[in-house]
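A.B. asks: Residue numbering for the sequence shown follows numbering that gives the first Met the number 0, beginning at 0 and increasing consecutively.
Every residue gets a Cβ at the ideal spot worked out from N, C-alpha and C, and that includes glycine.
Here it is, the structure, as structure tokens.
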Amino acid sequence: MQDSVKPNGITPSQTVGPFFKYGLTPNGEYAWNDAFTSSTLTPDVSGDRIRIEGRVFDGDGVVVPDVMLEIWQADAQGRFADPQDKRALPNASFRGFARCGTDKDGNYSFDTIKPGVVPDPDGKPQAPHIVLAVFGRGMLRHLYTRIYFSDEAGNAADPVLALVPADRRATLTAVREAGKPLYRLDLHLQGDNETVFFDV
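Next up, the structure:
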């Protein structure tokens with residue numbers, strides 16, 4: 000007898016709902032160990048150590064206290080900790096992945112190293128950047144964007160940033176605070192200042 004079950008077709012990604020904090024970003028508030036933290040730093044990692052901070056806002060300009068953010072990036076030499084990156088061994092035990100949740104005031108932060116230049120699929124250099132995924136309640140699919148750095152000359156020639164209208168590129172650019180290894184980038188999920196998100 001043939002199976003009469005029909006395929007469901009394309010289904011949405013799983014929303015994180017109100018429950019993700021317990022399992023994914025407990026931050027010491029639950030009797031649970033973090034699988035990942037907001038830091039990519041390891042004792043043996045090389046490169047410039049930086050911090051990225053910001054706040055997450057909804058379409059009305061109100062902070063969102065329960066968003067989950069994940070980053071994925073290359074090391075300071077532009078190498079990914081992934082078997083598909085055949086260029087060289089990854090940077091020590093650096094894995095390039097981190098996760099955090101926003102606090103009650105919508106704040107987030109990541110401690111990491113400044114990534115290096117990486118090639119695009121055609122071999123063209125991309126400016127140093129970090130891939131950012133945004134998960135939140137009511138969003139059936141998570142959002143993808145990038146974090147670029149205000150003090151990088153390579154931004155002008157980056158092939159992905161060039162796809163973004165010039166007047167919207169600031170929504171992807173973390174601004175360095177003078178004299179500090181600190182960059183700030185606020186995220187706006189909707190509205191007039193909406194962050195540019197990519198369809199991937």
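Any chance the region 110-129 sits against the region 144-155, with 3 or more Cβ pairs inside 8 Å?
C.D. replies: Using a C-beta cut-off of 8 Å, the region 110-129 makes contact with the region 144-155, since at least three inter-stretch Cβ pairs fall below that distance.
A.B. asks: Taking buried to mean at least 16 other C-beta atoms within 10 Å of its own C-beta, is residue 37 buried or exposed?
C.D. replies: With a 10 Å radius around the Cβ and a threshold of 16 neighbouring Cβ atoms, residue 37 comes out buried.
A.B. asks: Taking C-alpha atoms, which residue in 120, 74, 115 lies nearest to residue 154?
C.D. replies: 115
A.B. asks: Assign residue 176 to one of two classes, buried (16 or more other C-beta atoms within 10 Å of its C-beta) or exposed (fewer than that).
C.D. replies: The residue in question, residue 176, is exposed, as its Cβ has fewer than 16 Cβ neighbours within 10 Å.
A.B. asks: Below 7 Å CB to CB, which residues in the same chain sit around residue 180 once its five sequence neighbours on both sides are set aside?
C.D. replies: 47, 48, 49, 50
A.B. asks: Can the beta-carbon of residue 195 be found less than 8 Å from the beta-carbon of residue 163?
C.D. replies: yes
A.B. asks: For a minimum of 3 consecutive residues, which ranges assigned as the beta strand (DSSP E) are wholly contained in the region 82-158?
C.D. replies: Taking only runs of at least 3 residues, the beta strand (DSSP E) segments lying wholly in the region 82-158 are 96-100, 106-112, 128-134, 142-148.
A.B. asks: Residue 75 and residue 39: beta carbons closer than 8 Å?
C.D. replies: no
A.B. asks: Where does residue 172 sit, in a helix, a strand or coil, going by DSSP?
C.D. replies: strand
A.B. asks: Rounded to the nearest angstrom, what separates residue 141 and residue 193 at their Cα positions?
C.D. replies: 15 Å
A.B. asks: Beta carbon of residue 117, beta carbon of residue 186: below 8 Å?
C.D. replies: Cβ distance not < 8 Å, so residue 117 and residue 186 don't count as in contact.
A.B. asks: If you measure between the beta carbons of residue 93 and residue 170, is that distance less than 8 Å?
C.D. replies: Not closer than 8 Å, so no.
A.B. asks: Could you check whether residue 189 and residue 58 sit closer than 8 Å to each other, using their CB atoms as the reference points?
C.D. replies: yes
A.B. asks: Report the option in 157, 113, 151 whose CA atom is closest to the CA atom of residue 121.
C.D. replies: 157
A.B. asks: For a test of your reading of the model: does the CB of residue 196 fall under 7 Å from any non-hydrogen atom of the ligand NAD? Yes or no.
C.D. replies: Of ligands this structure carries none, so the ligand NAD is not represented either.
A.B. asks: If you draw a straight line from the alpha carbon of residue 197 to that of residue 99, how long is it in whole angstroms?
C.D. replies: The alpha-carbon of residue 197 is positioned some 21 Å away from that of residue 99.
A.B. asks: Count the other C-beta atoms from every protein chain shown that fall within 10 angstroms of the C-beta of residue 0, then say buried if there are 16 or more, exposed otherwise.
C.D. replies: Because residue 0 sits at a pLDDT of 45, beneath the cut-off of 50, its placement in the model cannot be relied upon, and the point is left open.
A.B. asks: Which residue comes first and which comes last in the beta strand (DSSP E) that contains residue 196?
C.D. replies: Neither: residue 196 is in no beta strand (DSSP E) and is coded neither H nor E.
A.B. asks: Using the Cα positions of residue 61 and residue 67, report the straight-line distance between them to the nearest angstrom.
C.D. replies: 16 Å
A.B. asks: Going by DSSP, which residues form a beta bridge with residue 56?
C.D. replies: Answer is 62, 187, bridged to residue 56.
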